[in-house]
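Residues in the sequence shown are numbered consecutively from 33, following the numbering used here.
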Amino acid sequence: MSLENISCQKSFGGWHKRYRHRSDVLGCDMVFAVYLPPQAEQGGKLPVLYWLSGLTCTDENFMQKAGVLRMAAELGLIIVAPDTSPRGPDVPGDPDGAWDFGLGAGFYLNATQEPWSRHYRMHDYVVQELPALVEAHFPASDKRGISGHSMGGHGALVCALRNPGRYQSVSAFSPINNPMDCPWGQKAFSRYLGEDRSKWREWDACALIAEADEKLPLLIDQGDRDDFLATQLKPESLRQAAKLAGHPLTLRLQPGYDHSYFFIASFIDDHLQHHGRALGL
Numbered sequence: 033m034s035l036e037n038i039s040c041q042k043s044f045g046g047w048h049k050r051y052r053h054r055s056d057v058l059g060c061d062m063v064f065a066v067y068l069p070p071q072a073e074q075g076g077k078l079p080v081l082y083w084l085s086g087l088t089c090t091d092e093n094f095m096q097k098a099g100v101l102r103m104a105a106e107l108g109l110i111i112v113a114p115d116t117s118p119r120g121p122d123v124p125g126d127p128d129g130a131w132d133f134g135l136g137a138g139f140y141l142n143a144t145q146e147p148w149s150r151h152y153r154m155h156d157y158v159v160q161e162l163p164a165l166v167e168a169h170f171p172a173s174d175k176r177g178i179s180g181h182s183m184g185g186h187g188a189l190v191c192a193l194r195n196p197g198r199y200q201s202v203s204a205f206s207p208i209n210n211p212m213d214c215p216w217g218q219k220a221f222s223r224y225l226g227e228d229r230s231k232w233r234e235w236d237a238c239a240l241i242a243e244a245d246e247k248l249p250l251l252i253d254q255g256d257r258d259d260f261l262a263t264q265l266k267p268e269s270l271r272q273a274a275k276l277a278g279h280p281l282t283l284r285l286q287p288g289y290d291h292s293y294f295f296i297a298s299f300i301d302d303h304l305q306h307h308g309r310a311l312g313l
């Protein structure tokens, strides 16, 4: 599969690049960003951290705002940031033009309902198609970590919990922990997956953690001044589910922080070091 280079900037001795490619899984053209640290030019293959962004974001937000590249360069860690949904003239969006569903809001699941099922298969794209592409075109090993923010934090948790052995590390900032029980998740799940709530459990971290075959340690940071804390994110639901399942979880409620990239930038080094230890860096 060919890649079209869109842009290239040097940063901390490495290279931040953006590429466009045709996705067979999503049935549209997709853009992703990759940061290749300086060690990528020294031979050998490096581990990869896949970052999943939140509602309304693209591949650009995290790379430009989170301050991730300095530590990635220090560790020798490749960062890959996909878009948050399929895009293009043939891809349906929210019929009402809302920002919390459709374009920019793929929820990292595989839709089963029309008209969404043709394109909205972000889970398969993130877990299978994109890593295969990255590992074929870059000096990337099959040692993988996954992380994300908000909707992307939900995606990171679900990708790791549904695919034991696929990732060596997982973390999240302000994830939507229990989408079956919050307005964002209920809106998305009812449209993408239908009204049968038993099908929703396959995409809810609180439900998945109870049946997880692999107990990959979870690191989660959450700001206590996050406007979405009580109604949408519900970290205590995940804490309770992890406790019942005996699943290792470090959940840090950070005083004074909100839902923004200022919050992510404040703790991103901790997360990269968490992934680096698990990935052997």
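We put the beta carbon where it would ideally sit given N, CA and C, even for glycine.
Exercise. Which residues in the same chain have their Cβ closer than 6 Å to the Cβ of phenylalanine 387, if we skip the five residues on either side of it in sequence?
Worked result: Residue 387 is absent from the structure shown; the chain starts at 33 and stops at 313.
Problem set entry | Contact set for alanine 352: own chain, Cβ-Cβ below 7 Å, skip 5 residues either direction | Only positions 33 to 313 of the chain appear in the structure, and residue 352 is not among them; the question remains open.
Exercise. For tryptophan 235 versus aspartate 132, is the C-beta distance shorter than 9 Å?
Worked result: no
Problem set entry | Stretch-stretch touch, CB-based, cutoff 8 Å, three pairs: the region 106 to 120 with the region 79 to 93 | yes
Problem set entry | Between the CA atoms of glycine 278 and valine 158 - distance to the nearest angstrom | 27 Å
Exercise. Do you know whose CA, among Met183, Ser182, Ala164 and Gly184, lies nearest lysine 175's CA?
Worked result: Ala164
Exercise. Which same chain residues, not among the five before or five after serine 206, have their C-beta less than 7 Å away from its C-beta?
Worked result: His181, Ser182, Gly185, Gln254, Gly255, Asp258, Leu265 and His291
Exercise. Skipping 5 residues on each side, what residues in its chain have a beta carbon closer than 8 Å to that of aspartate 228?
Worked result: none
Problem set entry | Option in Gly308, Leu248, Asp301 and Phe294 with minimal Cα separation from threonine 282 | Leu248
For this session: Return yes when the Cβ of histidine 169 is within less than 9 Å of the Cβ of leucine 101, no when it is not.
Result: no
Exercise. Can you check whether the CB of asparagine 210 is closer than 9 Å to the CB of serine 269?
Worked result: yes
Problem set entry | Integer-rounded CB distance, given that glycine 138 should sit under 8 Å from tyrosine 152 | 6 Å
Exercise. Beta carbon of phenylalanine 295, beta carbon of glutamine 286: below 9 Å?
Worked result: yes
Problem set entry | Start and end residues, alpha helix (DSSP H) containing cysteine 191 | 183 to 194
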